[in-house]
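**Q** Per my numbering, the sequence shown runs over residues 260 to 586.
For every residue, glycine included, the Cβ atom is placed at its ideal position computed from N, Cα and C.
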Amino acid sequence: MDAPQAGPAGGPKKQHRLGQIFEWLTLSQAISKAEERERAHARERELVRAAGAAVHTADRLPDPPDVTAPGPLLPVVAPREAAVWTLRARYGDTEEADPETLVGHAKGDVDDPTRLPESLADSLAEDSSRFAQRPPSEQLEVAQQLRAWVRSARDELDSTLFASTALRARRARRLGPALLAAGMVVGGSGFLVSKLLESENLVEGKPWRTSSTYAECFPANKSCAGARTEIFFHTHEQENPWFEVDLLQVERIRVIEIKNRTDYGQERAVPLVVELSTDGKSYWRVAQRNTSFTEWRVELEPREARFVRLRVPRRSILHLERVVVRR
260 MDAPQAGPAG
270 GPKKQHRLGQ
280 IFEWLTLSQA
290 ISKAEERERA
300 HARERELVRA
310 AGAAVHTADR
320 LPDPPDVTAP
330 GPLLPVVAPR
340 EAAVWTLRAR
350 YGDTEEADPE
360 TLVGHAKGDV
370 DDPTRLPESL
380 ADSLAEDSSR
390 FAQRPPSEQL
400 EVAQQLRAWV
410 RSARDELDST
420 LFASTALRAR
430 RARRLGPALL
440 AAGMVVGGSG
450 FLVSKLLESE
460 NLVEGKPWRT
470 SSTYAECFPA
480 NKSCAGARTE
490 IFFHTHEQEN
500 PWFEVDLLQV
510 ERIRVIEIKN
520 RTDYGQERAV
530 PLVVELSTDG
540 KSYWRVAQRN
550 TSFTEWRVEL
560 EPREARFVRL
570 RVPRRSILHL
580 ERVVVRR
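1. Just tell me which of Arg513, Arg468 and Leu507 has its CA closest to the CA of Thr494.
2. Got a sec? Which residues, its chain only, sit under 6 Å from Glu459 by beta carbon, not counting five neighbours each side?
3. Identify the continuous alpha helix (DSSP H) that holds Asp505 and give its terminal residues.
4. Run the CB neighbour count on Ile512, radius 10 Å, all protein chains shown included, and call it buried at 16 or more, exposed below.
5. Out of Trp344, Gln398, Trp283 and Asp417, which one is the CA nearest neighbour of Glu297?
6. Residues in the same chain with beta-carbon distance under 6 Å from Glu496, minus the five sequence neighbours each way, listed in chain order, please.
7. Considering Pro395, what are the terminal residues of the alpha helix (DSSP H) in which it resides?
8. Within the same chain, show all residues whose beta-carbon is closer than 6 Å to that of Leu506, passing over the 5 residues directly before and after it, in chain order.
9. Just to confirm, are Val545 and Leu531 a CB contact at a threshold of 8 Å?
10. Can you give the Cα-Cα distance for Arg574 and Val529, rounded to whole angstroms?
11. By alpha-carbon positions, which one of Thr553, Phe502 and Glu503 ends up nearest to Thr521?
12. Let me know the secondary structure DSSP gives Pro572 once reduced to three states.
13. Touching or not, the region 383-398 and the region 409-416, by the rule of three or more beta carbon pairs under 8 Å?
14. What number of angstroms, rounded off, separates the C-alpha of Val362 from the C-alpha of Val584?
15. DSSP on Glu558, reduced to helix/strand/coil?
16. For the alpha helix (DSSP H) that Leu288 lies in, which residues bound it at each end?
17. Along the alpha helix (DSSP H) that carries Leu379, what are the first and last residues, could you check?
18. Just the Cα atoms here: how many angstroms apart are Gly559 and Glu359?
19. Give the straight-line distance between the Cα atoms of Ile290 and Gln525, rounded to the nearest whole angstrom.
20. From this set, Tyr473, Gly311, Gly539 and Glu498, which residue's C-alpha is nearest Arg570's C-alpha?
21. Give me the Cβ distance between Ile517 and Val567, rounded to the nearest whole Å; I'm assuming they're in contact under 8 Å.
22. Using a threshold of 7 Å, is the CB atom of Pro572 nearer than that to any non-hydrogen atom of the ligand HEM?
23. Specify the secondary structure class of Arg563 as computed by DSSP and reduced to three states.
24. Per DSSP, which one or two residues make a beta bridge with Ser536?
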């Protein structure tokens with residue numbers, strides 16, 4: 260059979276070339292593959308995020324005023340935990356393996372230039388109560404070295420476990436100027452651009468909690484990141500039921516998207532208040548919905564917050580299908 264001939268519009272060859280250009284601009288296939296890998300390693304992603312939060316906390320803790328007193332030091336505990344979580348993420352050991360086992364993996368990884376240094380590995384394998392008997396100044400020095408190692412290891416892990424984030428940023432750098440130059444950011448194509456450049460869902464993989472849990476409800480999807488139709492949480496009937504997600508660090512929030520339960524009881528989420536907090540103690544209201552809805556998109560001037568809370572300020576039941584928070 261003869262190969263297809265190119266027609267007036269350029270035929271298959273031109274279409275193939277246009278497809279290559281489109282993929283180069285949008286990185287859609289690369290992002291899709293990266294997201295698939297990330298979903299397969301959701302637990303490792305959670306461990307890396309937890310390690311980052313622990314190091315961030317340790318960075319903000321002042322050194323104890325008395326570095327001669329024996330016993331465990333708070334600025335030391337967090338880096339040790341962060342290092343253990345990083346090792347679990349790195350070697351795919353997400354079970355409750357003891358530090359000594361994880362250190363064994365690290366020591367065997369002799370060809371890895373970013374592996375945990377042997378001196379730090381030995382201190383990490385040491386029982387925590389025994390490590391606490393070391394001179395406080397030595398504990399603090401080890402903790403500082405562990406923090407530095409966790410940061411370098413996270414840089415490596417981020418390139419694989421969070422590859423889609425970097426790809427989206429690259430897409431924004433490529434696609435934005437290209438579309439502006441072509442005069443495409445108008446009308447319907449403007450909507451397309453906004454979708455393509457949309458930032459990641461900050462809620463994905465983050466810990467969340469509710470004011471109560473309805474024991475008879477077993478949601479099929481207990482992740483905010485899912486695109487399913489099943490509810491992922493259900494509270495009891497109570498005063499001021501709420502849902503809250505901890506982003507693990509202060510983020511600049513621009514968009515909050517909420518999908519209500521679609522099969523029944525949408526009125527239970529009315530009125531719905533959106534509140535933000537940087538410390539989990541003091542909250543401020545940024546939006547309120549007083550009418551029933553299926554989907555509600557809240558667009559804000561950039562607000563810095565770590566905690567996002569959705570609350571019904573009356574006696575009710577709260578159940579939602581999806582919550583998204585974006586920069």
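**A** In short:
1. Arg468
2. Thr424
3. Element bounds for Asp505: not the alpha helix (DSSP H) but the beta strand (DSSP E), Trp501 to Asn519.
4. buried
5. Asp417
6. Ile576
7. Pro395 to Leu420
8. Leu461, Lys465 and Arg565
9. no
10. 11 Å
11. Thr553
12. coil
13. no
14. 36 Å
15. strand
16. Checking the displayed sequence, the identity of residue 288 turns out to be Gln instead of Leu. Its alpha helix (DSSP H) spans residues Ser287 to Ala299.
17. Glu377 to Ala384
18. The residue asked about is misnamed: residue 559 is Leu in this sequence, not Gly. Rounded to whole angstroms, Leu559 to Glu359 spans 47 Å at the Cα level.
19. 34 Å
20. Glu498
21. About 10 Å separates the two Cβ atoms, so there is no contact after all.
22. No copy of the ligand HEM occurs in the structure displayed, which carries no ligand at all.
23. A quick correction: the sequence has Glu, not Arg, at residue 563. Glu563: strand per DSSP, three-state reduction.
24. Phe566
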